[in-house]
Every structure is written in C-alpha cells, then in structure tokens.
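Numbering (this note's numbering), first residue to last: 1 to 70.
By construction, the Cβ of each residue, glycine as well, lies at the ideal position given by its N, Cα and C atoms.
To start, the structure itself, in structure tokens.
Okay, here's the thing in structure tokens:
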C-alpha cells in the first residue's frame, strides 16, 4: 500500500508521517540545567521565582511562560 492509502485507512494526515521533531536548543538546555539546580535548592520555588532568578543570573530577557514550559 502507498503511504497515501495507509494514512487514509488509519485516518492520519500524511504530514504526520513525514514530521520530524526538532531537538531542544543549546540555550534551552542550559536554562533547564539551571532550573533543575534551582529546584533542588528550593523545591517550593514556582515559575515566577525561577523566572526572576534566571533573569538576574543570566542577564538575558527570558519570558516566564518559557520558564514554565521548560
């Protein structure tokens, strides 16, 4: 069977067959390491406190939603 027929039978869009996940960026991996360390030091810290800490420690503009997502 062709991919087109297989997708039609399974009710899956063909775009899903060819979709490839992109990995996390190096910057996001560094932020996730810092978030993990901060969480180990203070498990009660939420995304707002982590956001403030990361903005102060890195000096970069980092959004709170990004911190929450990571």
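Check, Outcome
"Check the C-beta distance from residue 80 over to residue 38 and give it rounded, since I have them as a contact under 8 Å.", "Absent from the structure is residue 80, since the part of the chain shown begins at 1 and ends at 70."
"Using DSSP with H/G/I as helix, E/B as strand and the rest coil, what is residue 67?", "helix"
"Taking C-alpha atoms, which residue in 58, 43, 23 lies nearest to residue 31?", "58"
"Return the first residue and the last residue of the alpha helix (DSSP H) that residue 52 is part of.", "47-58"
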